[in-house]
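**Student:** Okay, handing you the structure first.
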Amino acid sequence: MVTMTQESELFTQLVTQNPFNPDDDRGQTFLAAVNESYRHHFKSCKAYQRFCMRRGLDEAHKFNCLEDVPFLPVQAFKENADLLSSVPVSEIKISLSSSATSGKPSTVVIDKKTSKRQIKALAAVLSAVLGRQRRPFIVFDADPHKVGAGSLGARNAAVRGFLNLAREVRYVMDLDANGKPVLNEGLFEQALREFVGKGEPICVLGFTYVLYSYGIKPLLDMGKQFQLAEGSKVIHIGGWKKLKDQKISKGVFNAELSELFRIEPTAIVDFYGFTEQMGVTYPDGPNGRKCVPAFSELIVRDPVTLKPVPDGQEGLLEFITPLPYSYPGLAILTDDLGVIRSRGDGENGWRCTEFEILGRAGKAEPRGCGDIMGDKIDAPLSAVQQSGPKEFTEPEARLLFDHDKNRCPENIFDPVSIGELPLVENLAKLADELKQSRNVLDYYTIDELICLIDRAAQLWMLPDSHLAPLRTQGLQFLSGWCRAQSLRSTADQSLRGMRGFLDGPRSLDGTNKRMMFARPRGLVSHWLAGNVPLLGMLALAQSILTRNANLIKVASSFSSVLPALLETFRDLEMIGPKGRILRGNDILKSIAIVYYPRRDQTSAAAMSENADVRIAWGGRDAIESTINLPRCYSTEDIIFGPKLSYMVIGREMLETERMVRRYCRRAATDASVFDQYACASPHTIFVESGGAASGPREFAERLASEMDKASIRIPKGLVDLDTAAQIESIRLRYEFTGEVWKAANSDWTVLYDENSEQGLADPCYSRVITVRAIDDIMHAAEFAHSEIQTVGLALSGQRKVSFSQRAAQMGAERFPDVGRMTFFDTPWDGIFPMDRLVKWATIGGPF
Amino acid sequence: MLQLRIPLPRFIGSGEVLHGRGSLSSLRMLDGVRVVVIASRSVLKYHRVLIEKSINNLKLSIIEYSGGEPTLDEVFRLAGQIRQERPDWIIAIGGGSVMDAAKLAWVLYEQPEADFEILSRPFALRGLRGCCRFVAVPTTAGTGSEVSSAALLSDPVSGSKKAIVSHELLPDIAILDPVITINVPKFTLVAAGIDALAHSVESYVSRFNNPFADIQIEKSVAMILQCLPKTISDPEDHEIRLEMMLAAMMAGWAQNLKVPGLGHALAHQLGRFGINHGMACGGLLVPSVYSNMADKEVKMRYKILAEKIGESDEEGLINRINELKVKIGFPENLRSISEKKFELDDELRQIVYKGAQSDICASANPVVLTDDILGEVLNEAW
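Each protein sequence line maps, in turn, to chains Z and V. Quick note on numbering: the first sequence equals residues 1 to 847 in the numbering used here. Quick note on numbering: the second sequence equals residues 1001 to 1382 in the numbering used here.
If you want it as structure tokens, here you go:
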């Protein structure tokens, strides 16, 4: 590793000029500093070198354009801090970690030189905002000397950086027993008396959330108001996420602060910054927009293509700065979405790039998707009991679909105008009506109901059906699953081998003296997830066959797909044996689809209290909020919760070229169907070393080719901005640590590593599959746990059985063949859902 | 049942076969709750009380089947009646037509959307028994329906028949009780008996190899040759009647496992001319055996069969068949059997030949069925 003993002249030139009104030749200087920084990191950091070389760059490469500088995603620093160092270990002073309110923290290593640069850079920006005069600081946080720096975490480091320009510092908070900040009014008022009494302009500093929630709000609630000296400033850092969750906008924040301290809103400055380029801060400028200092630059990239977008267009923010010396943080692509508003037009005397932050691209988490049926999660009784009388909220439920009408747009891709839908004034009454209407189903045999669903399933697949675009997004599978043969088989398997139990008593013990039959439970309430609307039909079909009424609540991100599927039943008529007319309308009579917002607890409670079965779909939060709703003690819960799946390929299945091709093709299908959002979709493939025709790495390479073919066979759905960013991040991460094969766009990604000891790779979804080499495939059984649903198997003989038994003991439930992982079958997740939709009754005996 | 991809010889039949005088009473042990009996008018006329006594389920419904080869309308009507009862057992009591009609109505009861056009593809029918199971009680000795995987559906307009073939159609229980066969007309006894003989003799030279079924055939041919005349001459003899039923069932197994050939392929086409199936088979049997014996291997096979029944060569076998026909008063030719008196002109012959050549039995025949072969056999029998 090469170290630089002399501070870069170029960086010094940048940091010593006015950060927001820089010299005219700042552009050339900046580019030269970036090139210098690039060469340093290329030479000194092997991972970065590997990353650049894969992009066809060498050490001598000279960038003439900032957009060409290879960028790292912030996520790179969450996993690979140990790899991303450009100085010898002996020179590292500290490792700096982000606060990481969710997920893993980012970590960067800091040497003396980088540390000095950070101080200089921060001082330069603070001077521009506060003036060069040092002033007293009142910090709305606890004193690290009193409570211990560790208690404050990353807040301490961030605050400390800002105090370099402080003449005196007063901390005005304590920590309670839970480590929560508490305003110490005595300290605060004493500090005010000390500074304000002298008429001296001060600076109030704090983390945005702490300052507001534990400082401003309590003071305003107490009716306090203070008059700060003219020229005083309030600066806050740390971001808006927590306050946004509380619906506190920047406008409200500034207004309340202005009222409390009697200062102009312009005296309140929000600083933006992030750990991966600590030291570079972006304060609000005179226009209220964030300003980029001279030693940094901003590029906005399209979240899908990652190509730079024109100013004024929204995208992911990439910041370039030559500041970091000890780690390759030269160009960082953040998770933040924003837009460039101007480029140094000199307005208000600030000649710099101005931008706005619009939000954050979210991190992917295990999805609660529709094609899984999780274990029954019993809400703890305490939760049920404690749910008690809920605060009454005005019911806001809207009726999307019922036997009368489908109120959703005919084009399933058009948005639904919620406001125009009729209000359901009394959801309990609607539930009652559905239960009453259910009676008509008693006049149908289960086979007649199967017959109607079978007919509808055929209509879904007609070439001119308006559902045709959904064919590659699961409709084909759903339609096949809803065909008579499949439904019969599901019903027979679910109902003690004989669906006829639904049509009347059948013999129980092989005699005609003891009989049993199944009856519907009554009303099934479904809470659907937004990401898999098609698959809601899987449970609904089973509920119809068991002659239950169905009240369905769709998610906020719902589409018109389920109503469109059900609309097929309207006026559908079939002639059954003896001229009996089977009517789709009879099925629709006991079905309604509603929507209500999350805040409408009254509707949620009504839907739950009236349910005989509750079926909940979605992620952990959605599931938990549903199961904690009040319910009858006899209510059955079927949970379609968040689960993950993986795949294993044994060496015996890779003995010939043909076998390798076959399993790569099948694996690609499993990883592509439903764009990998199905809970049965694999995210990791363990490939055993020693296959005669292919090792794990070759398998990954061939899989990439099959993923490409699969993307044509099974076209990919639209990719949201967050996901595209996440895909790019994980691709980059693997460029440091493993190998990557990928589509030119975000269509598919195959990652390869030999870190089988790490177990399962984190899911990214959207056709990102990690292949991991493993010496003994049987060890992969140990990676199963209670949240693993499916393990696709390419194993043979006793190994197949042994693996399944072991993985089942660990918690997994399905072990289908590779290529068939996402085929819905029975049992699913260890249960027979239809069995849970009926009650069993016996006649005669027992013997 | 194993889903075989290659046609290995195997033996399959009804789940249980109960036989003997009084075996009908085993229905008392039926573990169902609601039972539907489908029976022909003549069976109900003589045996309704016996049937009612034999069944001990909570609810028994008896549906009279008006008879005749089942048509789509008839099957739909029957399925509608079954559906109203929602039974867990269907008991078919009667001859081949009743059995076939009941089997097809069972299909429609469990699969109301069933399309017989699709189901006529061999083994397309799957997944019966989710609601109901099936008992076959034959009242004739010959059709083998009680152990058959097939049911025939007639088109009353064209006179053609569609075979629905699936092992799902094998009854769960078959009951061979000679008591319930009493009062069957002589014509029916002759037609059914000779049909059973044709099942065995034709199937013996089938392209489908099945040594175990061959043993059944050898036994059944000997039994039929011996018992059929006695059954006709002494209809009240239960012992002989039972022997004949067992022989016919063995012939039925052979038919189901090996598939008969030329004679049956032609007989299936003659129904449209009002010629009873069993009688047609009887009339065509000897000419078709002669025709197939042009093939040396077939001739050798028939020699073996002849030896098994105590004859020295294949001519001995043919003589025994001809003697049987005389004993039971079988008509000399098919023309005399036909209800509609007509001549087979060229146009009709072409229809018959085409039908026979595409018949499932043609594929089992050891010799390819050309127009010439079919013409010769038909002329001989006519």
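By construction, the Cβ of each residue, glycine as well, lies at the ideal position given by its N, Cα and C atoms. These figures come from a predicted structure and were not determined experimentally.
Mind pulling the chain C residues with CB within less than 9 Å of Gln476 (chain Z)?
**Tutor:** This model lacks chain C altogether; the protein chains it does include are Z and V.
**Student:** What are the complete beta strand (DSSP E) segments, minimum 3 residues, inside the region 1287-1330 of chain V?
**Tutor:** The region 1287-1330 of chain V contains no whole beta strand (DSSP E) run of 3 or more residues.
**Student:** List, from N- to C-terminal side, the alpha helix (DSSP H) runs of 4 residues or more that fit wholly inside the region 1145-1188 of chain V.
**Tutor:** Complete alpha helix (DSSP H) runs here, min 4: none at all.
**Student:** Going by C-alpha to C-alpha distance, which of Z:Val129, Z:Val424, Z:Arg631 and Z:Val673 sits closest to Ile268 (chain Z)?
**Tutor:** Checked all of Z:Val129, Z:Val424, Z:Arg631 and Z:Val673; the closest Cα to Ile268 (chain Z) is Z:Val129.
**Student:** Excluding sequence positions up to five away, which residues of its chain have a Cβ less than 7 Å from the Cβ of Ala704 (chain Z)?
**Tutor:** Closer than 7 Å at Cβ, skipping near neighbours: Trp741 and Val750.
**Student:** Would you please verify whether the beta carbon of Met659 (chain Z) is less than 8 Å from any beta carbon of chain V?
**Tutor:** Not an interface residue.
**Student:** Output needed for Leu1322 (chain V): all residues of its chain with C-beta closer than 8 Å, excluding positions within five of it in sequence on either side, in chain order.
**Tutor:** Note that residue 1322 (chain V) is Asn in the sequence shown, not Leu. Result list for Asn1322 (chain V): Val1286, in chain order.
**Student:** Counting C-beta neighbours from all protein chains within 10 Å, is the total for Ala1092 (chain V) 16 or more, i.e. buried, or is it exposed?
**Tutor:** Ala1092 (chain V) comes out buried.
**Student:** When DSSP labels each residue in this structure, what does Thr749 (chain Z) get in the three-state scheme?
**Tutor:** The answer is strand: DSSP assigns Thr749 (chain Z) an E or B state.
**Student:** Taking the alpha helix (DSSP H) that Tyr38 (chain Z) belongs to, which residues open and close that run?
**Tutor:** Per DSSP, Tyr38 (chain Z) belongs to the alpha helix (DSSP H) from Arg26 to Ser44.
**Student:** Starting from Glu739 (chain Z), trace the beta strand (DSSP E) both ways and give me its first and last residue.
**Tutor:** Start and end: Glu739 to Lys742.
**Student:** Measure the CB-CB distance between Gln277 (chain Z) and Arg733 (chain Z) and report whether it falls below 8 Å.
**Tutor:** Going by C-beta atoms, Gln277 (chain Z) is not nearer than 8 Å to Arg733 (chain Z).
**Student:** For Glu1307 (chain V) versus His1264 (chain V), is the C-beta distance shorter than 8 Å?
**Tutor:** Cβ atoms of Glu1307 (chain V) and His1264 (chain V): not closer than 8 Å.
**Student:** Report the partner residues of Ala592 (chain Z) according to the DSSP bridge assignment.
**Tutor:** BP columns for Ala592 (chain Z) point to Z:Leu551.
**Student:** Taking 7 Å as the limit between beta carbons, can you name the residues of its chain near Ile446 (chain Z), skipping five residues before and five after?
**Tutor:** Cβ neighbours of Ile446 (chain Z) beyond the five flanking positions: Ala491, Arg499, Leu502, Asp503 and Leu545.
**Student:** Consult DSSP for Gly811 (chain Z) and reduce its assignment to one of helix, strand or coil.
**Tutor:** Coil, per DSSP.
**Student:** When we look at the beta-carbon of Pro389 (chain Z) and count the other beta-carbons within 10 Å, is it buried (16 or more) or exposed?
**Tutor:** In this prediction, Pro389 (chain Z) scores a pLDDT of 45, lower than 50, which makes its location untrustworthy; the coordinate-derived value is nonetheless stated afterwards. Burial call: exposed.
**Student:** Counting only beta-carbon atoms, is Gln1003 (chain V) nearer than 8 Å to chain Z?
**Tutor:** Chain Z contact via Cβ: absent.
**Student:** Please identify the residue among Z:Ser507, Z:Ala157, Z:Leu187 and Z:Phe207 whose C-alpha is closest to the C-alpha of Pro1087 (chain V).
**Tutor:** With distances taken between Cα atoms, Pro1087 (chain V) lies closest to Z:Ser507.
**Student:** Per DSSP, which residues does Tyr677 (chain Z) bridge with? Please list them.
**Tutor:** Tyr677 (chain Z) pairs with nothing; no bridge assigned.
**Student:** Note down the Cα distance separating Pro696 (chain Z) from Leu540 (chain Z), rounded to an integer number of angstroms.
**Tutor:** Taking the straight line joining both Cα atoms gives about 41 Å.
**Student:** Please report the distance separating the alpha-carbon of Ala678 (chain Z) from that of Asp670 (chain Z).
**Tutor:** Whole-angstrom Cα-Cα distance: 10 Å.
**Student:** With a cut-off of 8 Å, do at least 3 Cβ pairs link the region 1157-1172 of chain V to the region 1230-1250 of chain V?
**Tutor:** Segments in contact, no.
**Student:** List, in order along the chain, the chain V residues whose C-beta lies closer than 7 Å to that of Pro505 (chain Z)?
**Tutor:** Within chain V, the residues near Pro505 (chain Z) are Val1033.
**Student:** Residues bridged to Leu423 (chain Z) by DSSP?
**Tutor:** For Leu423 (chain Z), which the question treats as bridged, DSSP gives the partners Z:Arg398.
**Student:** How would you call Arg148 (chain Z), buried or exposed, if buried means at least 16 neighbouring beta carbons within 10 angstroms?
**Tutor:** The displayed chain sequence assigns Gly, not Arg, to residue 148 (chain Z). With fewer than 16 Cβ atoms within 10 Å of its Cβ, Gly148 (chain Z) is classed as exposed.
**Student:** Compile a chain-ordered list of the residues in the region 697-725 of chain Z whose CB is closer than 7 Å to at least one CB of chain V.
**Tutor:** Under the 7 Å Cβ criterion, the region 697-725 of chain Z contributes no residue.
**Student:** How about Ser489 (chain Z): is its C-beta nearer than 8 Å to some C-beta of chain V?
**Tutor:** For Ser489 (chain Z), the answer is yes, since a Cβ of chain V falls inside 8 Å of its Cβ.
**Student:** Residues in the region 1100-1126 of chain V with C-beta within 9 Å of chain Z's C-beta atoms, listed in sequence order?
**Tutor:** If the cut-off is 9 Å between Cβ atoms, the region 1100-1126 of chain V has Ala1105, Leu1108, Tyr1109, Glu1110, Gln1111, Pro1112, Glu1113, Ala1114 and Arg1126 near chain Z.
**Student:** Residues in its own chain within less than 8 Å of Ile1373 (chain V) by CB, not counting five upstream and five downstream?
**Tutor:** Hits under 8 Å: Leu1262, Ser1291 and Val1367.
**Student:** Looking at chain V, is there any beta carbon in it that lies within less than 8 Å of the beta carbon of Ala606 (chain Z)?
**Tutor:** False, the Cβ-Cβ gap to chain V never drops below 8 Å.
**Student:** Glu448 (chain Z) touches chain V at which residues, Cβ-Cβ below 7 Å?
**Tutor:** Result: Pro1112.
**Student:** Say whether the region 705-716 of chain Z touches the region 46-60 of chain Z, bearing in mind that this needs 3 or more beta-carbon pairs closer than 8 Å, one atom from each stretch.
**Tutor:** Too few Cβ pairs lie closer than 8 Å, so no.
**Student:** May I have a chain-ordered list of the alpha helix (DSSP H) segments no shorter than 4 residues that lie completely inside the region 218-270 of chain Z?
**Tutor:** Segments of the alpha helix (DSSP H) lying fully in the region 218-270 of chain Z: 241-245 and 250-261.
**Student:** Arg367 (chain Z) CB to nearest chain V CB: under 8 Å?
**Tutor:** Low confidence applies here, because Arg367 (chain Z) scores a pLDDT of 38, under 50, leaving its location unreliable and the question unanswered by this model.
**Student:** Classify Val384 (chain Z) as buried or exposed, calling it buried when 16 or more other Cβ atoms lie within 10 Å of its own Cβ.
**Tutor:** Bear in mind that a pLDDT of 34 at Val384 (chain Z), under 50, signals an unreliable position, so the number given afterwards is only what the model happens to contain. Buried, since its Cβ has 16 or more Cβ neighbours within 10 Å.
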